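Plus 137 on top of the position in the sequence shown (first one is 1) and you've got my numbering.
The C-beta atom is built at its ideal place from N, Cα and C for all residues, glycine as well.
Computed from a prediction, not measured in an experiment: that's the story for all the values here.
Here the structure is laid out as structure tokens; the discussion comes afterwards.
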Amino acid sequence: LHETTDFPDGVTQHTVGWRAAAVSLSDVAGSGGRALAVVVAYGASDFDEGLDAFVHGASEACESVGARYVGGDLDSHEERTVVSSAVGATDDVVTRSGAREGDVAAVAGAHGKTAVGLRAFESGDAERGDELFAFPPRIDEGVALAPYATAMTDLSDGVAVGTHNIAEASGVGIDLRRDDLPTLPEADEDDIFVGEDYELLLTLPSESVEEARKALDEVGTSLSVVGEVIEEKNGVSIDGEPLERRGYEH
């Protein structure tokens with residue numbers, strides 16, 4: 138994470154710390170793992186009182202999912218830059234490569250948090266922006282869904298890229314239904330192309346949907362069926378029209 142590209146004007150150091158830990162915890166969630174620990178490397182031109190707020194934010198994000206913030210490293214850097222890594226554990230990793238033709242595609246949670254948050258910061262509503270940027274890592278959701286998922290990923294790169302990633306890794310096509318995609322009330326149609334959503338996208342057999350939905354209800358999150366896995370030759374689409382691979386690319 139870099140100050141000029143990832144830290145909007147008005148964001149607090151507490152939120153930056155929370156987000157720094159949560160983005161890596163989200164990778165663990167996307168694999169169905171339990172979260173154990175996070176380490177962070179923090180670079181800045183000077184280390185002021187904001188560092189304490191950063192550490193508190195990172196620690197609280199870890200504690201929210203039963204993990205520990207175990208420190209990291211400090212380094213001198215012209216631009217405030219943060220790099221985090223999370224450690225997780227599972228007996229059965231869910232990958233992106235197991236989707237099968239006939240499965241359904243589903244989303245845990247609602248997309249649009251970062252896109253709506255950025256617009257809130259731009260409009261001067263930093264309180265709303267901070268609320269959305271300090272997103273909950275979906276660790277409990279990933280663990281709950283792992284027994285049912287044939288493939289899963291977090292949506293760090295956006296809905297469109299995440300769908301393409303599963304389709305390409307699994308050798309299938311996926312057709313999404315735009316009206317079934319869960320969104321925040323303030324979200325725009327093109328927000329499916331904005332990255333850093335950090336919700337979960339998965340595929341699963343249609344006969345497992347109700348059990349998976351009940352498992353997710355127990356951790357307080359909704360499951361929305363948003364499409365079908367189809368033949369590879371049909372590619373990735375939304376409402377039957379080709380879906381561009383566009384979003385955040387590393």
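What is the DSSP secondary structure of residue i, counted as helix, strand or coil?
i, result
"alanine 391", "Residue coverage of the chain in this structure runs from 138 to 387, which leaves residue 391 outside it and unanswerable."
"threonine 232", "coil"
"histidine 387", "Here histidine 387 scores only 45 on pLDDT, less than 50, and its place in the model should not be relied on; the value that follows carries that caveat. Here histidine 387 sits in coil by DSSP."
"proline 379", "strand"
"serine 213", "strand"
"aspartate 334", "coil"
"glutamate 368", "coil"
"alanine 181", "strand"
"serine 374", "strand"
"aspartate 312", "strand"
"glycine 208", "strand"
"valine 296", "helix"
"serine 359", "coil"
"leucine 339", "strand"
By how many angstroms is the C-alpha of residue j removed from the C-alpha of residue i?
i, j, result
"valine 346", "isoleucine 367", "17 Å"
"arginine 314", "glycine 377", "8 Å"
"histidine 387", "serine 293", "Reliability of the predicted coordinates at histidine 387 is poor, the pLDDT of 45 falling under 50, and the value obtained from them is presented with this limitation in mind. About 10 Å."
"alanine 181", "arginine 275", "29 Å"
"glutamate 369", "alanine 242", "15 Å"
"glutamate 305", "glutamate 323", "31 Å"
"valine 309", "aspartate 210", "42 Å"
"alanine 247", "serine 213", "38 Å"
"alanine 281", "glycine 170", "10 Å"
"threonine 152", "aspartate 328", "22 Å"
"glutamate 365", "alanine 226", "30 Å"
"threonine 340", "valine 176", "31 Å"
"alanine 166", "leucine 353", "13 Å"
"histidine 301", "aspartate 334", "15 Å"
"valine 192", "valine 356", "27 Å"
"glycine 187", "aspartate 143", "17 Å"
"aspartate 146", "glycine 208", "26 Å"
"proline 342", "tyrosine 285", "8 Å"
With 8 Å set as the bound, which would you pick, yes or no: does the beta-carbon of residue i sit closer than that to a beta-carbon of chain D?
i, result
"valine 363", "As a matter of chain content, chain D is missing from the structure shown, which is built from one protein chain."
Would residue i be called buried (16 or more neighbouring beta carbons within 10 Å of its own) or exposed?
i, result
"aspartate 228", "exposed"
"valine 230", "exposed"
"proline 379", "exposed"
"phenylalanine 184", "exposed"
"serine 221", "buried"
"serine 260", "exposed"
"threonine 358", "buried"
"glutamate 326", "exposed"
"methionine 267", "Strictly speaking, residue 267 in this sequence is aspartate, with methionine absent from that position. The residue is buried, with at least 16 neighbouring Cβ atoms inside 10 Å."
"aspartate 240", "buried"
"serine 168", "buried"
"aspartate 164", "buried"
With a Cβ-Cβ cutoff of 8 Å, do residue i and residue j count as a contact?
i, j, result
"valine 202", "aspartate 262", "no"
"phenylalanine 270", "arginine 156", "yes"
"valine 224", "alanine 174", "yes"
"glutamate 336", "alanine 245", "yes"
"leucine 360", "glycine 249", "no"
"glycine 290", "leucine 338", "Rather than glycine, the amino acid found at residue 290 in this sequence is threonine. For threonine 290 and leucine 338, yes; Cβs fall inside 8 Å."
"alanine 297", "phenylalanine 330", "yes"
"glutamate 216", "threonine 149", "no"
"alanine 159", "alanine 198", "yes"
"valine 373", "isoleucine 311", "yes"
"serine 307", "glycine 235", "yes"
"alanine 204", "leucine 255", "no"
"threonine 195", "tyrosine 206", "One point to set straight first is that residue 195 is alanine, not threonine, in the sequence displayed. For alanine 195 and tyrosine 206, yes; Cβs fall inside 8 Å."
"glycine 332", "glycine 279", "no"
"valine 219", "leucine 138", "yes"
"isoleucine 303", "arginine 382", "no"
Quiz item: Unbroken beta strand (DSSP E) runs of length 3 or more, entirely within the stretch 222-294: which are they?
Solution: The stretch 222-294 contains these whole beta strand (DSSP E) runs: 241-245 and 288-291.
Quiz item: Which runs of the beta strand (DSSP E) fall wholly inside the stretch 147-201 and span at least 3 residues, in chain order?
Solution: Restricting attention to beta strand (DSSP E) runs no shorter than 3 residues, the stretch 147-201 encloses them at 171-181, ordered along the chain.
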